[in-house]
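For reference, the structure is listed below as C-alpha cells.
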Amino acid sequence: MVNYLIDFKMIDWESTKPGIRQKSFLEDGQKIRLVEFSDGFSEAEWCTKGHIGYVLEGRIFIYFHGARIEFKAGDGLFIPEGESNRHKGVIIKGEKALIILFEK
Numbered sequence: 002m003v004n005y006l007i008d009f010k011m012i013d014w015e016s017t018k019p020g021i022r023q024k025s026f027l028e029d030g031q032k033i034r035l036v037e038f039s040d041g042f043s044e045a046e047w048c049t050k051g052h053i054g055y056v057l058e059g060r061i062f063i064y065f066h067g068a069r070i071e072f073k074a075g076d077g078l079f080i081p082e083g084e085s086n087r088h089k090g091v092i093i094k095g096e097k098a099l100i101i102l103f104e105k
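The sequence shown begins at 2 in our numbering and counts up one residue at a time.
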C-alpha cells in the first residue's frame, strides 16, 4: 500500500555528519528528507548533487563559485546537479536551519 501521509514525528532523527541530522522517507524511488543544519555547520567539500527544497525555519548561506546566497525561512531552493552548480552550505554560529528536500 502506498504511504500518502508522511508523519515525520514517527521517524527517528539520524546524524549523517557533524552539524546535520535528518529524517528520511523513501517511496517509489523518490526521497523526502527533513534536514536540520545546526550551529557552526560548514561543508568541507563542494557538493555537486542537485537539490530542490524549502526552508522551514532559520537560514543557511550557500556558496556558489565566489557568490554567497542567503536562504531563509519561506524561501525555496533549486540547485541543478553538476560541477557548474557546485556549492557549499554554511550555518552561522548560534543559528540553525530546518529544510525539507525532495530528491530522486
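For glycine and all other residues, C-beta sits at the position ideal for the given N, C-alpha and C. All figures in this text were calculated on a predicted structure; none of them were measured in a lab.
query, result
"Residues in its own chain within less than 6 Å of PHE26 by CB, not counting five upstream and five downstream?", "ILE7 and ILE33"
"Put SER25 into one of helix, strand or coil per three-state DSSP.", "strand"
"What residue range does the beta strand (DSSP E) around ALA45 cover?", "Careful: ALA45 lies outside any beta strand (DSSP E) and carries neither H nor E."
"According to DSSP, what are the bridge partners of ILE101?", "LEU35 and TYR55"
"For GLN31, which residues of its own chain have a beta-carbon under 8 Å away from its beta-carbon, when the five flanking residues on both sides are left out?", "PHE103, GLU104 and LYS105"
"Does DSSP classify GLY10 as helix, strand or coil?", "Position check: residue 10 holds Lys in this sequence, whereas Gly was assumed. It is helical."
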